[in-house]
């Protein structure tokens with residue numbers, strides 16, 4: 724029961740990370756497809772560098788435990804999203820009016836994106852299922 728409560732708390736505090744990832748990942752893919760890698764690198768670096776202090780602060784100073792770990796990961800992704808948005812808005816090419824060309828190729832994109840989305844969801848769910856299943860082991864706190 725304790726492990727299940729911890730897993731439940733962790734999953735709840737990972738929800739903001741899911742929302743953030745729904746913006747971060749498409750922006751990263753869009754920029755990489757255009758051959759623009761510097762903003763992606765800077766954003767990933769900023770998130771990674773700040774993840775450690777966020778974790779130390781939330782887990783060590785505020786003693787939030789597993790909830791702090793999830794919140795730190797979410798906060799690091801929020802930073803990465805912020806850096807990406809600032810860089811895209813500041814340095815990115817400005818859009819002109821959309822033309823009819825922007826309506827072409829969506830079927831092909833969806834055919835490529837749908838399996839990728841399913842794959843990412845399955846991977847995420849697999850880890851969450853494994854966390855819950857660890858609670859069924861003989862010594863769940865050790866796992």
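Numbering (this note's numbering), first residue to last: 724 to 866. Ideal placement from N, C-alpha and C gives every residue a C-beta, glycine not left out. Only a predicted model underlies this, so the values are computations on that prediction, with no experimental measurement involved.
Three or more C-beta pairs closer than 8 Å, one from the segment 744 to 757 and one from the segment 804 to 816: is that the case here?
yes
Can you tell me which of the three DSSP states residue 822 falls into?
The DSSP-derived three-state label of residue 822 is coil.
For residue 748, the first and last residue of its enclosing alpha helix (DSSP H)
725 to 756
Of the choices 802, 812, 828, 854, whose alpha-carbon is the least far from that of residue 728?
854
Outcome for residue 830 when other beta-carbon atoms lying within 10 angstroms are tallied against a minimum of 16
exposed
Which term fits residue 754, buried or exposed, when burial requires 16 or more other beta carbons within 10 angstroms of its beta carbon?
Residue 754 should be labelled buried.
Just mark residue 751 as buried or exposed, buried being the case when its beta carbon has 16 or more other beta carbons within 10 Å.
buried
Grouping DSSP H, G and I as helix and E and B as strand, with all else coil, what is residue 861?
Taken through DSSP and simplified to helix, strand or coil, residue 861 comes out as coil.
Pull up the distance between the alpha-carbon of residue 781 and that of residue 823, whole angstroms please.
49 Å
Would you check if there are 3 or more beta carbon pairs closer than 8 Å linking the segment 761 to 777 to the segment 730 to 741?
Counting Cβ pairs under 8 Å, fewer than three are found: no touch.
Within a Cβ cutoff of 7 Å, which residues of the same chain sit near residue 798, ignoring the five residues on either side of it in sequence?
777
Proximity test, residue 834 beta-carbon vs the ligand MN heavy atom, cut-off 8 Å:
As far as ligands go, the structure on display features none, and thus does not contain the ligand MN.
Can you tell me where the alpha helix (DSSP H) with residue 811 in it begins and where it stops?
789 to 814
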